[in-house]
Amino acid sequence: MKTKTPRWRKTSPLSYFLLATITFLSIFPFYWMFVVSSNTNAEISKSPPSLIPGGRFLIVAKKVMSAEGVFFSNALLNTFIVGIAIALAQVMFSAVAGFAFAKLNFRGRKSFILFVVGTMMLPSQLGIIPLFMLVKNLRLIDSLLGLIVPALVTAFGVFWMRQIIDAQIPNELHEAASIDGASVPRIFFSIVLPIIRQSSFVLGLFAFLAAWNDYLWPTIILQSPR
(Lines of atoms letter the chains of each structure in order from A and count residues from 1; the text may use other names and numbers.)
(Lines give C-alpha, C1' and ligand atoms only; values in the text may rest on other atoms or scores of the structure.)
Protein backbone atom coordinates (compact mmCIF):
# COMPACT_ATOMS: atom_id res chain seq x y z
CA MET A 1 0.00 0.00 0.00
CA LYS A 2 1.43 3.31 -1.07
CA THR A 3 1.21 6.11 1.46
CA LYS A 4 0.65 9.66 0.37
CA THR A 5 2.75 12.50 1.66
CA PRO A 6 0.59 15.08 3.44
CA ARG A 7 0.20 18.30 1.53
CA TRP A 8 1.63 20.36 4.38
CA ARG A 9 4.84 18.30 4.27
CA LYS A 10 5.43 18.76 0.54
CA THR A 11 8.08 21.31 -0.38
CA SER A 12 8.07 23.36 -3.56
CA PRO A 13 11.12 24.59 -5.53
CA LEU A 14 10.30 28.08 -4.28
CA SER A 15 10.84 26.92 -0.69
CA TYR A 16 14.29 25.57 -1.56
CA PHE A 17 15.12 28.79 -3.40
CA LEU A 18 14.12 30.93 -0.41
CA LEU A 19 16.10 28.73 1.98
CA ALA A 20 19.15 28.88 -0.30
CA THR A 21 18.85 32.68 -0.54
CA ILE A 22 18.58 33.10 3.23
CA THR A 23 21.54 30.76 3.74
CA PHE A 24 23.64 32.71 1.25
CA LEU A 25 22.77 36.06 2.85
CA SER A 26 23.68 34.64 6.27
CA ILE A 27 27.04 33.21 5.17
CA PHE A 28 28.18 36.00 2.83
CA PRO A 29 29.15 38.52 5.59
CA PHE A 30 31.59 35.95 7.02
CA TYR A 31 32.99 35.25 3.57
CA TRP A 32 33.34 38.98 2.86
CA MET A 33 35.12 39.46 6.18
CA PHE A 34 37.63 36.79 5.12
CA VAL A 35 38.06 38.44 1.68
CA VAL A 36 38.68 41.89 3.19
CA SER A 37 41.17 40.58 5.74
CA SER A 38 43.15 38.70 3.10
CA ASN A 39 43.48 41.48 0.49
CA THR A 40 45.35 44.78 0.37
CA ASN A 41 43.65 48.17 0.64
CA ALA A 42 44.15 48.77 -3.08
CA GLU A 43 42.39 45.52 -3.99
CA ILE A 44 39.52 46.25 -1.62
CA SER A 45 39.09 49.81 -2.95
CA LYS A 46 38.76 48.70 -6.57
CA SER A 47 35.41 49.16 -8.29
CA PRO A 48 33.94 46.61 -8.46
CA PRO A 49 35.74 45.08 -5.46
CA SER A 50 37.35 41.68 -5.73
CA LEU A 51 35.33 38.79 -4.31
CA ILE A 52 38.27 36.38 -4.39
CA PRO A 53 40.26 35.89 -1.15
CA GLY A 54 43.87 37.01 -1.26
CA GLY A 55 46.94 35.49 0.30
CA ARG A 56 47.50 37.88 3.21
CA PHE A 57 45.13 36.37 5.78
CA LEU A 58 47.82 34.62 7.85
CA ILE A 59 50.04 37.72 7.72
CA VAL A 60 47.21 39.98 8.92
CA ALA A 61 46.18 37.50 11.63
CA LYS A 62 49.77 37.30 12.89
CA LYS A 63 50.00 41.11 13.04
CA VAL A 64 46.77 41.31 15.01
CA MET A 65 47.87 38.65 17.50
CA SER A 66 51.31 40.19 18.00
CA ALA A 67 50.36 43.89 17.96
CA GLU A 68 51.96 45.81 20.80
CA GLY A 69 49.57 46.94 23.52
CA VAL A 70 46.50 45.22 22.01
CA PHE A 71 46.38 41.83 23.86
CA PHE A 72 43.95 40.46 21.28
CA SER A 73 44.43 36.82 22.25
CA ASN A 74 43.66 37.60 25.91
CA ALA A 75 40.56 39.55 24.91
CA LEU A 76 39.38 36.69 22.70
CA LEU A 77 39.89 34.11 25.46
CA ASN A 78 38.19 36.28 28.08
CA THR A 79 35.22 36.84 25.78
CA PHE A 80 34.84 33.10 25.27
CA ILE A 81 34.99 32.47 29.02
CA VAL A 82 32.44 35.18 29.81
CA GLY A 83 30.12 34.14 26.97
CA ILE A 84 30.10 30.45 27.90
CA ALA A 85 29.64 31.18 31.61
CA ILE A 86 26.74 33.55 30.95
CA ALA A 87 25.10 31.13 28.51
CA LEU A 88 25.23 28.21 30.95
CA ALA A 89 24.06 30.32 33.89
CA GLN A 90 21.18 31.90 32.00
CA VAL A 91 19.94 28.54 30.74
CA MET A 92 19.97 26.97 34.21
CA PHE A 93 18.54 29.89 36.21
CA SER A 94 15.97 30.75 33.55
CA ALA A 95 14.86 27.12 33.32
CA VAL A 96 14.42 26.88 37.10
CA ALA A 97 12.47 30.15 37.28
CA GLY A 98 10.44 29.32 34.18
CA PHE A 99 9.52 25.91 35.62
CA ALA A 100 8.39 27.54 38.86
CA PHE A 101 6.23 30.10 37.05
CA ALA A 102 4.75 27.53 34.67
CA LYS A 103 4.05 24.51 36.88
CA LEU A 104 4.28 25.41 40.57
CA ASN A 105 1.46 27.05 42.48
CA PHE A 106 2.57 29.73 44.92
CA ARG A 107 1.19 33.02 46.14
CA GLY A 108 1.84 35.95 43.84
CA ARG A 109 2.87 33.86 40.83
CA LYS A 110 0.91 35.95 38.32
CA SER A 111 2.11 39.20 39.85
CA PHE A 112 5.73 38.08 39.68
CA ILE A 113 5.52 37.02 36.04
CA LEU A 114 3.84 40.33 35.15
CA PHE A 115 6.69 42.12 36.92
CA VAL A 116 9.23 40.10 34.91
CA VAL A 117 7.47 40.94 31.64
CA GLY A 118 7.23 44.59 32.68
CA THR A 119 10.99 44.86 33.18
CA MET A 120 11.45 43.78 29.56
CA MET A 121 9.80 47.03 28.48
CA LEU A 122 12.46 49.17 30.17
CA PRO A 123 15.64 50.12 28.29
CA SER A 124 18.71 48.33 29.58
CA GLN A 125 20.56 51.65 29.96
CA LEU A 126 18.41 52.49 33.00
CA GLY A 127 20.10 49.73 34.97
CA ILE A 128 23.70 50.65 34.24
CA ILE A 129 24.25 52.93 37.26
CA PRO A 130 22.56 50.63 39.83
CA LEU A 131 24.41 47.62 38.43
CA PHE A 132 27.71 49.47 38.54
CA MET A 133 27.13 50.42 42.18
CA LEU A 134 26.25 46.80 42.99
CA VAL A 135 29.34 45.45 41.24
CA LYS A 136 31.49 48.07 42.95
CA ASN A 137 30.12 47.13 46.39
CA LEU A 138 30.85 43.47 45.62
CA ARG A 139 34.41 44.47 44.67
CA LEU A 140 34.10 42.93 41.22
CA ILE A 141 35.34 45.94 39.25
CA ASP A 142 38.03 45.03 36.70
CA SER A 143 37.27 41.30 36.89
CA LEU A 144 35.47 38.79 34.69
CA LEU A 145 32.99 38.14 37.49
CA GLY A 146 31.92 41.76 37.13
CA LEU A 147 30.76 40.88 33.62
CA ILE A 148 29.22 37.51 34.48
CA VAL A 149 27.29 38.19 37.70
CA PRO A 150 24.91 40.91 36.34
CA ALA A 151 23.99 38.64 33.42
CA LEU A 152 23.34 35.41 35.33
CA VAL A 153 19.61 35.66 34.62
CA THR A 154 17.49 37.91 32.41
CA ALA A 155 13.79 38.68 32.20
CA PHE A 156 13.75 37.49 28.59
CA GLY A 157 15.27 34.14 29.55
CA VAL A 158 12.78 33.58 32.36
CA PHE A 159 9.79 34.49 30.17
CA TRP A 160 11.15 32.37 27.30
CA MET A 161 11.52 29.30 29.51
CA ARG A 162 8.16 29.87 31.17
CA GLN A 163 6.41 29.85 27.79
CA ILE A 164 8.38 26.84 26.53
CA ILE A 165 7.76 24.73 29.63
CA ASP A 166 4.09 25.69 29.76
CA ALA A 167 3.67 24.62 26.13
CA GLN A 168 5.82 21.47 26.06
CA ILE A 169 5.20 19.94 29.52
CA PRO A 170 1.59 18.77 29.96
CA ASN A 171 0.09 19.32 33.39
CA GLU A 172 -0.91 15.65 33.40
CA LEU A 173 2.75 14.61 33.11
CA HIS A 174 3.74 16.84 36.02
CA GLU A 175 0.84 15.60 38.15
CA ALA A 176 1.58 11.95 37.32
CA ALA A 177 5.20 12.35 38.37
CA SER A 178 4.11 13.98 41.62
CA ILE A 179 1.66 11.17 42.35
CA ASP A 180 4.43 8.62 41.76
CA GLY A 181 6.44 10.32 44.50
CA ALA A 182 8.90 12.34 42.43
CA SER A 183 10.15 15.46 44.16
CA VAL A 184 10.21 18.86 42.46
CA PRO A 185 13.99 18.70 41.77
CA ARG A 186 13.58 15.17 40.38
CA ILE A 187 10.78 16.30 38.08
CA PHE A 188 12.84 19.24 36.89
CA PHE A 189 16.08 17.39 36.19
CA SER A 190 14.64 14.06 34.97
CA ILE A 191 11.59 15.23 33.01
CA VAL A 192 11.64 18.94 32.26
CA LEU A 193 15.28 19.48 31.24
CA PRO A 194 15.43 16.58 28.73
CA ILE A 195 12.24 17.77 27.04
CA ILE A 196 13.32 21.42 26.72
CA ARG A 197 16.95 20.76 25.75
CA GLN A 198 16.51 22.16 22.23
CA SER A 199 14.91 25.37 23.50
CA SER A 200 17.63 25.58 26.16
CA PHE A 201 20.28 25.42 23.44
CA VAL A 202 18.59 28.27 21.56
CA LEU A 203 18.45 30.41 24.70
CA GLY A 204 22.10 29.62 25.43
CA LEU A 205 23.01 30.68 21.89
CA PHE A 206 21.16 33.98 22.31
CA ALA A 207 22.90 34.59 25.65
CA PHE A 208 26.34 33.77 24.23
CA LEU A 209 25.87 36.09 21.24
CA ALA A 210 24.62 38.90 23.50
CA ALA A 211 27.69 38.54 25.72
CA TRP A 212 29.98 38.29 22.69
CA ASN A 213 28.60 41.46 21.10
CA ASP A 214 28.38 43.47 24.34
CA TYR A 215 30.68 46.48 24.34
CA LEU A 216 29.30 49.09 26.75
CA TRP A 217 29.30 47.07 29.98
CA PRO A 218 32.82 45.60 29.55
CA THR A 219 34.10 49.10 28.77
CA ILE A 220 32.66 50.34 32.07
CA ILE A 221 33.76 47.42 34.26
CA LEU A 222 37.15 46.45 32.83
CA GLN A 223 39.79 49.09 33.47
CA SER A 224 43.17 47.41 32.98
CA PRO A 225 44.47 46.81 29.41
CA ARG A 226 44.56 43.05 29.97
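At position 104 of the sequence shown the residue is numbered 942 (this note's numbering), and the sequence of numbers has no breaks.
Ideal placement from N, C-alpha and C gives every residue a C-beta, glycine not left out.
Keep in mind it's a predicted model, so treat the numbers as computed, not measured.
- Counting only runs of 4+ residues, the alpha helix (DSSP H) found wholly inside the segment 846-898 occupies 851-875, 879-883, in chain order.
- CA-CA distance, Val954 to Arg945, rounds to 16 Å.
- CA-CA distance, Ile1017 to Gln963, rounds to 46 Å.
- Assigned with DSSP and collapsed to three states, Ile986 falls in helix.
- When the beta-carbon positions are compared, Arg1000 and Phe939 come within less than 8 Å of each other.
- Separation of the CB atoms of Ser932 and Val991 is rounded to 6 Å, and the pair is thereby assigned contact status at 8 Å.
- Ranked by Cα distance from Ile1033, the first of Phe937, Ser981, Leu960 is Phe937.
- Val973 sits in a helix when the DSSP states are folded into three classes.
- Comparing C-alpha distances from Leu1054 to each of Val996, Gly892, Ile967 shows the shortest one belongs to Ile967.
- Look at Glu1010 here: in three-state DSSP terms it is helix.
- In the three-state reduction of the DSSP assignment, Pro1023 falls in the helix class.
- C-alpha of Ser875 to C-alpha of Leu1011: approximately 54 Å in a straight line.
- By the Cβ rule, the segment 881-892 does not count as touching the segment 848-868, because fewer than three pairs are nearer than 8 Å.
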